[in-house]
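To start, the structure under review is shown below, and the notes come after it.
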Amino acid sequence: MKPRYISLEPLIQWRIGPRPLDLRSLFGREAPVEVEIGFGSGDYLVKQAMEQPHKNFIGIEVAWLSIRNALRKIALCQANNVRVIQGDARVLFKRLFHQQSLDKVYCLFPCPWPKKRHIKHRLFDASFLKLMNSRLKDSGIAVIVTDHRPYYEWILEQTQSSGFEITTETCPPGYSTKYEKKWLEQGQMEFFRIKMKKIVHLKIPVEEDIALKTHILEDFSPEHFQPKGRKNLAVVEFKESLYDPLRQKAMVRAMVAEGSFVQNFWIEIIRDGTRWRIRPARGCSIVPTVGVQEALDFLYESIRQDNSASQKRENTGIS
Numbered sequence: 039m040k041p042r043y044i045s046l047e048p049l050i051q052w053r054i055g056p057r058p059l060d061l062r063s064l065f066g067r068e069a070p071v072e073v074e075i076g077f078g079s080g081d082y083l084v085k086q087a088m089e090q091p092h093k094n095f096i097g098i099e100v101a102w103l104s105i106r107n108a109l110r111k112i113a114l115c116q117a118n119n120v121r122v123i124q125g126d127a128r129v130l131f132k133r134l135f136h137q138q139s140l141d142k143v144y145c146l147f148p149c150p151w152p153k154k155r156h157i158k159h160r161l162f163d164a165s166f167l168k169l170m171n172s173r174l175k176d177s178g179i180a181v182i183v184t185d186h187r188p189y190y191e192w193i194l195e196q197t198q199s200s201g202f203e204i205t206t207e208t209c210p211p212g213y214s215t216k217y218e219k220k221w222l223e224q225g226q227m228e229f230f231r232i233k234m235k236k237i238v239h240l241k242i243p244v245e246e247d248i249a250l251k252t253h254i255l256e257d258f259s260p261e262h263f264q265p266k267g268r269k270n271l272a273v274v275e276f277k278e279s280l281y282d283p284l285r286q287k288a289m290v291r292a293m294v295a296e297g298s299f300v301q302n303f304w305i306e307i308i309r310d311g312t313r314w315r316i317r318p319a320r321g322c323s324i325v326p327t328v329g330v331q332e333a334l335d336f337l338y339e340s341i342r343q344d345n346s347a348s349q350k351r352e353n354t355g356i357s
């Protein structure tokens, strides 16, 4: 069996590494940086890196299978000027890239989310275009190619006040991506290309980590423990909990959703002398956000409410 990937070195471990990225340090040189959003199989990304060795390339994908396949191709081609990141582009552009740090951004055949109820999932809405603008250098270029006319028209509607000069064209096949080949097989011979040149800089600062505040409890009763999620700035759900009486330690699995950014991690409630401490469990590689803080706060408040209800039952003799 051939190895699924040869080296993890091109993979940017963004959750545990420094944020935002130091691109010069990442590649070991100063060079133009191009970002492909949704690189799929990685063929076009690696091809560009091999044909333009004077540039640096970063590929963004959500699916691990795509990351894995790209890692193998990068290693086989010995392409030293390409890195890949697993994550949602909206989150990564907010947190990983400095303002005016990228030379080009491109996306080939993104999912058009054609159903009306799914439009909220589309990339390249007005807010993301403005974010992308802020990360591009002056006169930087963004290119989107799609097979879907309604999506193409929708993107054009989003470009108002985005700081870009827009040019459009229908273009023949020429990217050799998986989806381009799919539409060619179905008889589609022309695609829609949007080119955006930055003419005005829109200032959007990098979204930074926050300093998390942990909590101390004077008392904790695992037998009455029923954590409750809540929705505020983030959606917080507590999925399951475990308790080890020998170690006097409880673990709660939390899901925190802040827009498109979803984190799943464990929170521990551990005996600390005569009290109990609530904090993120070690090794979870969380990104410290407002939503993570809310999860800690909600859990703390939920336990305090349970303790209060338990005390009232004891005082009234109700078991």
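Just so we're aligned: 108 in my numbering is position 70 of the sequence shown, and the numbers increase by one with no gaps anywhere. Beta carbons: idealized from backbone N, C-alpha and C, even for Gly. Here the structure is a predicted model, which means the values were calculated and not measured.
In the structure shown, Phe-258 adopts coil according to DSSP, grouped into three states. The continuous alpha helix (DSSP H) containing Leu-109 extends over residues 102 to 115. With respect to the 8 Å criterion, Ile-98 and Val-73 are classified as neighbours on the basis of their beta carbons. Between Lys-233 and Ile-179, the beta carbon gap of about 7 Å places them in contact (Cβ cut-off 8 Å).
Excluding its 5 nearest sequence neighbours in each direction, Lys-132 has C-beta neighbours in its own chain below 6 Å: Glu-245, listed in chain order. For the pair Val-328 and Ile-248, the CB atoms are nearer than the 8 Å cut-off. When rounded, the separation of the alpha-carbon atoms in Leu-240 and Ser-200 is 8 Å. Here Lys-154 carries a helix assignment [DSSP, helix/strand/coil]. Here Lys-142 is not near Asn-119, since their CB atoms are 8 Å or more apart. The three-state reading of DSSP puts Glu-195 in helix, counting H, G and I together.
If you compare the alpha carbons of Ser-45, Val-290, Ser-177 and Phe-162 with that of Ile-112, the shortest gap goes to Ser-45. When the five nearest sequence neighbours on each side are left out, the beta carbons in the same chain lying within less than 7 Å of the beta carbon of Ala-127 are those of Ile-75, Ile-98 and Leu-161, in order along the chain.
Here Ile-305 is not near Val-294, since their CB atoms are 8 Å or more apart. Between Thr-215 and Tyr-82, the C-beta gap is smaller than 8 Å, which places the two residues in contact. In this structure, Ile-237 lies near Glu-203, with their beta-carbon atoms less than 8 Å apart. Within the DSSP secondary-structure output, Gln-124 pairs in a beta bridge with Glu-99. Across the structure, Lys-235 and Tyr-144 are spaced so that their CA atoms are roughly 12 Å apart.
Annotation: the continuous beta strand (DSSP E) that includes Glu-207 extends over 202 to 209. Within the region 231 to 285, no run of alpha helix (DSSP H) reaches 4 residues while sitting entirely inside it.
Rounded to the nearest whole angstrom, the C-alpha separation of Gly-80 and Asn-107 is 7 Å. At the C-beta level, Glu-332 and Ala-272 come within 8 Å of one another.
Around the beta carbon of Val-100, fewer than 16 other beta carbons lie within 10 angstroms, which makes this residue exposed. Within the same chain, and ignoring the five residues on either side of Phe-77 in sequence, the residues whose Cβ sits closer than 6 Å to its Cβ are Leu-83, Gly-97 and Glu-99. Note: Ala-333 is not bridge-paired with any residue in the DSSP secondary-structure output. With respect to the C-alpha of Lys-154, the residue from Pro-188, Tyr-213, Phe-336 and Leu-337 having the closest C-alpha is Pro-188. Between the alpha carbons of Leu-280 and Phe-229 lies a gap of roughly 53 Å.
If you compare the alpha carbons of Asp-344, Ser-172 and Asp-282 with that of Pro-243, the shortest gap goes to Ser-172. Separation of the CB atoms of Lys-175 and Leu-140 is rounded to 7 Å, and the pair is thereby assigned contact status at 8 Å. Within the same chain, Pro-58, Leu-59 and Arg-173 come within 7 Å of Phe-135 by CB-CB distance, once the 5 residues on both sides are set aside. Following the DSSP letters along the chain, one finds Gln-86 inside the alpha helix (DSSP H) bounded by residues 81 to 89. Looking at the backbone, the Cα of Lys-269 and that of Lys-219 are separated by about 43 Å. Taking the C-beta atoms as reference points, Phe-303 is found no nearer than 8 Å to Pro-326.
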